[in-house]
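Structure, as structure tokens:
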Amino acid sequence: MEIKNKNALYITELRNCRKNYLQSPKREEYFEILWINNEKTLYLIPPHRAYRLNKFDEKGVLIAFNLTMLNYYINEFSLDVFKLFNREGEFSTVNVNQEAMEILQGIYEVLLKEYHKDDQHFLLLATLLKGFLLKLIQSNEQEFTHPDLNEKRIYQFFLILEGHYDTEKGVDFYAEKLNITAKRLNQILKEKLGKTINQIIQERLIVEAKHEIYIGELSVKEIAHKLGFEEHSYFSRFFKKMTGDTPQ
210 MEIKNKNALY ITELRNCRKN YLQSPKREEY FEILWINNEK TLYLIPPHRA
260 YRLNKFDEKG VLIAFNLTML NYYINEFSLD VFKLFNREGE FSTVNVNQEA
310 MEILQGIYEV LLKEYHKDDQ HFLLLATLLK GFLLKLIQSN EQEFTHPDLN
360 EKRIYQFFLI LEGHYDTEKG VDFYAEKLNI TAKRLNQILK EKLGKTINQI
410 IQERLIVEAK HEIYIGELSV KEIAHKLGFE EHSYFSRFFK KMTGDTPQ
């Protein structure tokens, strides 16, 4: 099975990281692993964070992937990954011993070799990435087999959001899908992520709008329609309010 979305996984040396990745609004959707040479600490940056660790002038590698790489597996593993990346706020760190480092290096080398093939095989790439992530989880001392209920709700919320952010902008829709009240959902998101559901929905819309503007294939009116805005003038005001700039 060939990979359906070649943008689901991006591996590169930090110093060679493409500008179109670093500057793309879509970057906010990626889990990022920064592995600095000769360090036993790996830096993990979850999606939808305004903060981005600046280590791209150092020797090391970047492994970036989005939810497409996790959706092949059962939710329990995806929840473990979500928890691993969201333990410490804007970014998390995992310290590994020498034995774990050697295992991670071996998995990474096979993953990199497969990644650079012209006929990328999605299942193999996803399996190798899973092995790498499982070793990171194992190296972490926290317990991952029983995810916190609220962490599970946050993960489920982001899955629902990805399918509906352009059509459903009301809090009640997402709360109903999770079988909790809108107030409770806001409390959970505020506690875990420091943001309300409205802020997260608006930021997701802006990420997609910036991405479409960055590509340049659609007009502002077409982008507004694609994102569920009935009037492009309202979309322009919304964009200006959120970013300080007009879409033009």
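Residue numbering for the sequence shown is 210 to 457, as defined by my numbering. Even glycine gets a Cβ: it sits at the ideal position worked out from N, Cα and C.
Exercise for the section: Would you kindly work out how many angstroms separate the C-alpha atoms of residue 265 and residue 223, rounded to a whole number? Expected result: 5 Å
Practice task
Go to residue 429, then tell me how far its alpha helix (DSSP H) extends in each direction, as first and last residue.
Solution key: 429-435
Exercise for the section: Would you list, in sequence order, the uninterrupted beta strand (DSSP E) runs of no fewer than 3 residues that lie entirely inside the region 356-444? Expected result: none
Exercise for the section: Could you tell me which of 400, 267 and 375 sits nearest to residue 417, measuring between CA atoms? Expected result: 375
Exercise for the section: Quick one: give me the first and last residue of the alpha helix (DSSP H) that residue 348 is part of. Expected result: 331-348
Problem - Burial state of residue 191, where buried means 16 or more other Cβ atoms lie within 10 Å - result: There is no way to answer for residue 191, as the model of the chain reaches only from 210 to 457.
Exercise for the section: Mark residue 344 as exposed unless 16 or more other C-beta atoms lie within 10 angstroms of its C-beta, in which case mark it buried. Expected result: buried
Problem - Cα-Cα separation, residue 325 to residue 358 - result: 38 Å
Exercise for the section: Flag this pair as touching only if the region 393-403 and the region 418-438 have three or more C-beta atom pairs under 8 Å; answer yes or no. Expected result: no
Problem - Limits of the unbroken alpha helix (DSSP H) element including residue 239 - result: Note, residue 239: premise wrong, no alpha helix (DSSP H); not H, not E.
Practice task
Using beta-carbon positions only, say whether residue 300 and residue 363 come within less than 7 Å of one another.
Solution key: no
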